[in-house]
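Student:
Numbering (my numbering), first residue to last: 2 to 288.
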């Protein structure tokens, strides 16, 4: 009986930790040396980029002040928002406007690539979706299947077809070709970043030719186990690969952030919310 009570106590403690952990914002830093790939030796400086993903309407303090202050405290040159700011409800536009307006007051250049939840909003109705986009304001650069050049960095945003988030990989391979949605990077001497919300299909993005692929979506596996990694994916698959951190991907790198929010239940274990700070080795950092 004592053992049973001990087990119950441990379970309750773990659940408490998991809920509390959702409120502990962390910063994960990646150096220029970690992000460098073959051919980057000519880089003359760095550009500081903050990556934020998977907010899911999560607030940290009044008007998200704690999150915005943490971002601005890093003194970034650029913020990349890698999708799922919202939860697909028309009322979520208020949250999104609040967050992006907070960044605007700090004067930070911001680019935004949609995730699956932004795309789901478009299914509710064209009017609601257009209202969401208009609420963002001109200070937010939406880079869906588009390109943005900033201080020696070329950024492409890949808007992944919504059906890819639910189809089997074998089905996806029959209809998805990344270069049919967006052109490959040109040999312009810049550091090339591809932002695609779901990093699961990173091998299928290789043909675009990025030095660095950035993704989120996987929430770090929600529960992280020592020496194993993430426990479950949004597709409800156990032990998904590469749910958080920096990995080799072909000739380049893959960065997966666990994001800052949660969906459905406020629950994370050994997997605190994070923003990522990247010192990107840019050729034209002084421009």
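Just so you know, even glycine gets a beta-carbon here, dropped at the ideal spot from N, CA and C.
What residue range does the alpha helix (DSSP H) around residue 66 cover?
Tutor: Counting along the chain, the alpha helix (DSSP H) containing residue 66 begins and ends at 66-74.
Student: Could you round the C-beta distance between residue 210 and residue 272 to whole angstroms and report it? I think they count as a contact, below 8 Å.
Tutor: That belief does not hold up - the Cβ atoms of residue 210 and residue 272 are roughly 31 Å apart, past 8 Å.
Student: Can you give me the Cβ contacts of residue 182 inside the same chain, cut-off strictly under 6 Å, excluding the 5 residues immediately before and after it?
Tutor: Cβ neighbours of residue 182 beyond the five flanking positions: 146.
Student: Run through DSSP, which three-state label would residue 279 get?
Tutor: DSSP places residue 279 in strand when its eight states are reduced to three.
Student: Just to confirm, is the Cβ distance from residue 118 to residue 161 under 7 Å?
Tutor: Their beta carbons are not under 7 Å apart, which means residue 118 does not touch residue 161 by this criterion.
Student: Looking at residue 52 and residue 258, is the spacing between their C-beta atoms short of 7 Å?
Tutor: In this structure, residue 52 lies closer than 7 Å to residue 258 by Cβ.
Student: So does the region 167-180 actually touch the region 128-135, counting three or more Cβ pairs closer than 8 Å?
Tutor: The answer is no - the region 128-135 does not touch the region 167-180, with fewer than three Cβ pairs under 8 Å.
Student: With the cut-off set at 7 Å, would you say residue 78 and residue 112 are in Cβ contact?
Tutor: Taking 7 Å as the Cβ cut-off, residue 78 and residue 112 do not qualify as a contacting pair.
Student: Measuring only the C-alpha atoms, how far is residue 144 from residue 232?
Tutor: The straight-line gap from Cα to Cα measures roughly 31 Å.
Student: Taking 8 Å as the threshold, find out whether the region 275-285 comes into contact with the region 224-242 through three or more Cβ pairs.
Tutor: They do not touch, by the three-pair rule.
Student: Tell whether a beta-carbon distance below 7 Å holds between residue 217 and residue 260.
Tutor: In contact: residue 217 and residue 260 (Cβ atoms closer than 7 Å).
Student: Kindly indicate which three-state DSSP category residue 287 falls into: helix, strand or coil?
Tutor: Reliability of the predicted coordinates at residue 287 is poor, the pLDDT of 45 falling under 50, and the value obtained from them is presented with this limitation in mind. Coil.
Student: Can you tell me whether DSSP reads residue 249 as helix, strand or coil?
Tutor: Looking at residue 249 - three-state DSSP - the assignment turns out to be strand.
Student: Here's a check: name, in chain order, each residue in its chain whose Cβ is nearer than 6 Å to the Cβ of residue 203, leaving out the five neighbours to either side.
Tutor: Excluding residues within five positions, the ones whose Cβ falls inside 6 Å are 214, 250 and 255.
Student: Flag this pair as yes or no: are the beta carbons of residue 83 and residue 114 separated by less than 7 Å?
Tutor: Going by C-beta atoms, residue 83 is nearer than 7 Å to residue 114.
Student: To the nearest angstrom, how far is the alpha carbon of residue 185 from that of residue 208?
Tutor: So the two alpha carbons sit approximately 7 Å from each other.
Student: Check the DSSP bridge columns for residue 140 and list the partner residues they point to.
Tutor: DSSP output for residue 140 lists no bridge partner at all.
Student: Apply the 10 Å Cβ neighbour rule to residue 286 and answer buried if 16 or more other Cβ atoms are within range, or exposed otherwise.
Tutor: Unreliable placement is indicated for residue 286, whose pLDDT of 41 sits below 50; the coordinate value is still reported in the next sentence. Buried: at least 16 other Cβ atoms inside 10 Å.
Student: Give the straight-line distance between the Cα atoms of residue 3 and residue 225, rounded to the nearest whole angstrom.
Tutor: Going from the Cα of residue 3 to the Cα of residue 225 covers about 28 Å.
Student: For the region 155-218, list the alpha helix (DSSP H) runs that are entirely contained and at least 4 residues long, ordered along the chain.
Tutor: Listed in chain order, the complete alpha helix (DSSP H) runs (minimum 4 residues) inside the region 155-218 are 170-176 and 203-206.
Student: Exposed or buried, what is residue 235 when buried is set at 16 or more other beta-carbons lying within 10 Å of its beta-carbon?
Tutor: The residue in question, residue 235, is buried, as its Cβ has 16 or more Cβ neighbours within 10 Å.
Student: Output needed for residue 67: all residues of its chain with C-beta closer than 8 Å, excluding positions within five of it in sequence on either side, in chain order.
Tutor: Same-chain partners within the cutoff: 26 and 61.
Student: Mind checking which residues open and close the alpha helix (DSSP H) that includes residue 26?
Tutor: From DSSP, residue 26 is part of no alpha helix (DSSP H); its letter is neither H nor E.
Student: Can the beta-carbon of residue 148 be found closer than 7 Å to that of residue 193?
Tutor: It is not a contact, given that the beta carbons lie outside the stated cut-off.
Student: I believe residue 136 touches residue 98 by the beta-carbon criterion, under 8 Å. Please report the beta-carbon distance rounded to the nearest angstrom.
Tutor: Right, their Cβ atoms sit about 5 Å apart.
Student: On a CA-only basis, which of 104, 270 and 65 is nearest residue 227? Give me that one, please.
Tutor: Comparing Cα positions, the closest option is 270.
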